[in-house]
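Student:
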Ligand SMILES: [Ca+2]
């Protein structure tokens with residue numbers, strides 16, 4: 027028996043080794059995310075439009091601007107706008123999609139998102155008169171390279187401040203997030219000049 031490791035110790039060491047490998051594996055699969063301003067559009071179709079925050083508004087809005095669909099008279103089934111964003115993904119993976127929204131009531135509490143030619147998926151909840159991130163079950167599989175993200179109007183009276191795509195399944199954004207991505211970097215530069 028001399029020189030042999032007790033079974034208990036071997037199990038512990040093996041478990042620790044597996045845990046270590048597991049942690050290494052997890053850390054090598056870096057969480058990737060992109061967060062950008064909803065108003066930083068590549069293109070936008072009316073009546074969806076870019077709006078600025080007004081003086082006296084108490085809740086913080088990132089970039090002091092957002093996308094909105096105003097209330098208007100429209101024909102049934104008439105499109106109510108769409109914003110598109112050219113985004114560059116560096117790491118492939120399943121991305122969980124979040125949008126920071128403001129709903130006024132139950133007749134204006136949804137927006138749809140789609141990526142490339144994918145089907146639109148609706149994000150909605152019942153939190154009103156407050157900027158928030160509705161709990162989202164939207165996920166998209168993305169490959170590295172350029173993709174087109176679509177924000178599609180489904181109801182009027184809605185606002186969208188920020189968009190957040192993350193490979194971290196458990197992540198839940200809160201408040202205003204710091205954007206780490208510019209859809210139109212040149213436009214931003216020329217604006218600041
Ligand atoms: Ca914004």
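Numbering (my numbering), first residue to last: 27 to 219.
From the three backbone atoms N, C-alpha and C, an ideal C-beta is built for every residue, glycine too.
Going by C-alpha distance, which of 105, 116, 192, 164 is nearest residue 181?
Tutor: Measuring from the Cα of residue 181, the nearest candidate turns out to be 105.
Student: Would DSSP call residue 208 helix, strand or coil?
Tutor: Three-state result, residue 208: coil.
Student: Given residue 60, which residues of its chain have a CB within under 7 Å of its CB, disregarding the five upstream and five downstream residues?
Tutor: Excluding positions up to five away in sequence, the list reads 113, 191, 206, 207.
Student: Just confirm the distance between the C-beta atoms of residue 67 and residue 111, as a whole number of angstroms; I'd bet it's less than 8 Å.
Tutor: Contact holds; Cβ gap of about 6 Å.
Student: Looking at the structure shown, is residue 202 part of a helix, part of a strand, or coil, going by DSSP?
Tutor: Looking at residue 202 - three-state DSSP - the assignment turns out to be coil, as it is neither helix nor strand.
Student: Closer than 7 Å: is that where the CB of residue 201 sits relative to any heavy atom of ligand 1?
Tutor: Residue 201 Cβ: outside cutoff for every heavy atom of ligand 1.
Student: When the distance is taken between beta carbons, is residue 141 closer than 8 Å to residue 149?
Tutor: Cβ atoms of residue 149 and residue 141: not closer than 8 Å.
Student: Taking C-alpha atoms, which residue in 156, 119, 145, 120 lies nearest to residue 135?
Tutor: It is 156.
Student: Take residue 125 as the anchor and find which of 131, 119, 94, 84 has the nearest alpha-carbon.
Tutor: When each option's Cα is compared against that of residue 125, the closest is 94.
Student: Is any non-hydrogen atom of ligand 1 found closer than 7 Å to the C-beta of residue 64, if you look at the structure I gave you?
Tutor: Flag set: Cβ of residue 64 near ligand 1.
Student: Examine chain D for any beta-carbon lying closer than 8 Å to the beta-carbon of residue 134, and answer yes or no.
Tutor: Structure shown: chain D not included; a single protein chain is present.
Student: Considering only residues of the same chain and omitting the five flanking positions on each side of residue 73, which have a CB-CB separation below 7 Å?
Tutor: Contacts found: 95, 96, 98, 106, 107.
Student: With a CB to CB cut of under 8 Å and the five nearest residues on each side skipped, what residues in its chain are close to residue 194?
Tutor: Once the five neighbours on either side are set aside, the close Cβ partners of residue 194 are 57, 59, 122.
Student: Under 7 Å Cβ to Cβ from residue 78, same chain only, skipping five residues before and after it: list those, please.
Tutor: 90, 91.
Student: Looking only at its chain, what residues have a beta carbon closer than 7 Å to the beta carbon of residue 173, apart from the 5 residues adjacent to it on each side?
Tutor: Taken in chain order, the residues that qualify are 113, 115, 141, 142.
Student: When the Cα of residue 151 is compared with those of 128, 144, 167, which residue comes out closest?
Tutor: The shortest C-alpha separation from residue 151 is found at 128.
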